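S.K.:
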Amino acid sequence: MRPAHVSRRQLLLGALTLPSLAVPSLGLAANRTRRDPLRVALLGQCLIRHDLREQPWPGFRALQRRLRRHDVVFSDLETVIAGPRAGAPTRALETVHTADAVALDCLRDFGITILATGNNHSFDVGTGGILDTIDALRARGIPFAGSGVNLAAAAAPGYQDTANGRFALVAAAAGMIRPGGAATEDRAGVHELRTAPSGGLDGDDVERMLASIRSAAADADVVLAYLHNHLWETDISRTPDWQREFARRCIDAGASAFCAHGTPLLQGIELYRGAPLFHGLGSFIFQTRKADDAYGDVNWESVIAECRFEGKRVTGVELLPVQLASIGAAGPDDLMTRGRPSPASRSEARATLARLAALSARLDYRLQVNGTRGIIAPS
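Residues 2 to 380 (the working numbering) make up the sequence shown, in order.
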């Protein structure tokens, strides 16, 4: 049995060297004349269910102007775009996250340019919902990674070419992927990293992720390794030791930065070999239907990590605090405007950064705070 297993794995890893099925590969040559640093903004996850542009608010324009300064703006799509192939809900209706394709237009108008699509909600309306989401993204030319028409496609990098360099995203999910939601050799789904019987992540799954990162690093200027993690600690603000180790292995494989979502709140930041590890950026949009008392105040705050890269290395990061509306503009029953983001006020920003600094101190990293901005300055 052993030789057959190795053969299948070699075939799969070989497939990862091909261009992503999600995004056309244009090659590095077009970007070798770039002169400016590559500017990348990393956001909290987007649980978006409504077109937020229908009811404008000051925070939209302020954040839009900020995000559009960047070459790349990344987030996780915590929503299924429900189209003609959507099936019956696979979970309790209160936590089914679906939206019309116009939600993608809203995100793109905000300034978001690339998305992770593999998470515990990707399968909310079955395999058809995964395929509908892929089709909607491709129709809009939005690069993505983390789900695909089969395992090779789901594990493959997504690419975005910019005037200042080529950006690659390799994405996976761990925890709470329901039966039927994971991609296989002949089924569409999520790029899942399964749990090993002895704890931590399955070794073959991790190696597949690392192989994809190595492939991307050979073909892009900057690679972001992304994990959507639902294997939480009892205190969900704490980063699991296995995630810290996994993040380091991603950097060793060629990623320039690591980012995670999953818990609807911030987790700490640390540096490894000069690369930032953002273990939890919370939410950028959080249109949950759960009752107000299901979450505390910390679930409605986040940061935007504005990163500058020269070559493959980050040269600086500025953290911009964001505050989400825990109650809609018209009151608790207004779910259309609940969870939309705005730049944090001065007092909110100071509180968020103080909390993030404390979380980072748990990971032995001292976050610099300059008024209402957090600063990461790799040596």
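Ideal Cβ positions, reconstructed from N, Cα and C, are used throughout, including at glycine. This structure is a prediction, so every number in the text was calculated from the model and none was measured.
#1: Is Arg195 helix, strand or coil when you go by DSSP?
#2: Rounded to whole angstroms, what's the CA-CA distance from Pro322 to Arg351? Just pull it up for me.
#3: Got a sec, what are the start and stop residues for the beta strand (DSSP E) Glu302 sits in?
#4: Whole angstroms are fine: how far does the CA of Leu320 sit from the CA of Val171?
#5: Considering only C-alpha positions, which residue in the set Ile270, Ile237, Val74, Thr235 is nearest to Ala248?
#6: Would you call the stretch 196 to 210 and the stretch 277 to 296 in contact, with 3 or more CB pairs under 8 Å?
#7: Given Gln369, which residues of its chain have a CB within under 8 Å of its CB, disregarding the five upstream and five downstream residues?
#8: Should the stretch 36 to 45 be called in touch with the stretch 127 to 147, which here means at least 3 C-beta pairs below 8 Å?
#9: Would you call the CB atoms of Val81 and Ser148 closer than 8 Å?
#10: Give me the DSSP bridge partner(s) of Gln161.
#11: Alpha carbon to alpha carbon, what distance is there between Leu48 and Thr163?
#12: Return the residue from the list Ala169, Ala362, Gly112, Pro57 that minimises the CA-CA distance to Lys313.
#13: Going by the DSSP bridge assignment, what does Gly263 pair with across the sheet?
#14: Going by beta carbon distance, what residues of the same chain come within less than 7 Å of Arg10, once the five residues before and after it are set aside?
#15: By a C-beta neighbour count over all protein chains shown, 10 Å radius and 16 as the cutoff for buried, is Ala219 buried or exposed?
#16: What's the gap between the Cα of Phe287 and the Cα of Asp77?
#17: Using only the alpha-carbon positions, how far apart do Glu234 and Thr240 sit?
#18: From the DSSP output, which residues share a beta bridge with Cys47?
#19: Which of helix, strand or coil does DSSP assign to Ile377?
#20: Grouping DSSP H, G and I as helix and E and B as strand, with all else coil, what is Gly204?
M.R.: Concretely, from the data shown:
#1: It is coil, neither helix nor strand.
#2: The straight-line gap from Cα to Cα measures roughly 8 Å.
#3: That run of the beta strand (DSSP E) goes 302 to 311.
#4: Here the alpha carbons of Leu320 and Val171 stand approximately 23 Å from one another.
#5: Out of Ile270, Ile237, Val74, Thr235, Ile270 has the C-alpha closest to the C-alpha of Ala248.
#6: The stretch 196 to 210, when compared against the stretch 277 to 296, does not touch it at the 8 Å Cβ threshold.
#7: For Gln369, same chain residues with a beta-carbon under 8 Å away, outside a window of 5 residues either side, are Gly375, Ile376, Ile377, Ala378 in chain order.
#8: Touching, no, given that fewer than three Cβ pairs across the two stretches are closer than 8 Å.
#9: Cβ atoms of Val81 and Ser148: not closer than 8 Å.
#10: Paired residues: Phe168.
#11: Cα-Cα distance, rounded: 26 Å.
#12: The residue from Ala169, Ala362, Gly112, Pro57 with its alpha-carbon nearest to that of Lys313 is Ala169.
#13: For Gly263, DSSP assigns no beta-bridge partner whatsoever.
#14: Residue placement at Arg10 is poorly supported in this model, since its pLDDT is 41, which falls under 50; the coordinates still yield a value, given next. Excluding sequence neighbours, Arg10 sits near Asp205.
#15: Label assigned to Ala219: exposed.
#16: Approximately 12 Å between the Cα atoms of the pair.
#17: Taking the straight line joining both Cα atoms gives about 7 Å.
#18: Cys47 is bridged to Leu78, Ile286.
#19: DSSP places Ile377 in strand when its eight states are reduced to three.
#20: Gly204 sits in a helix when the DSSP states are folded into three classes.
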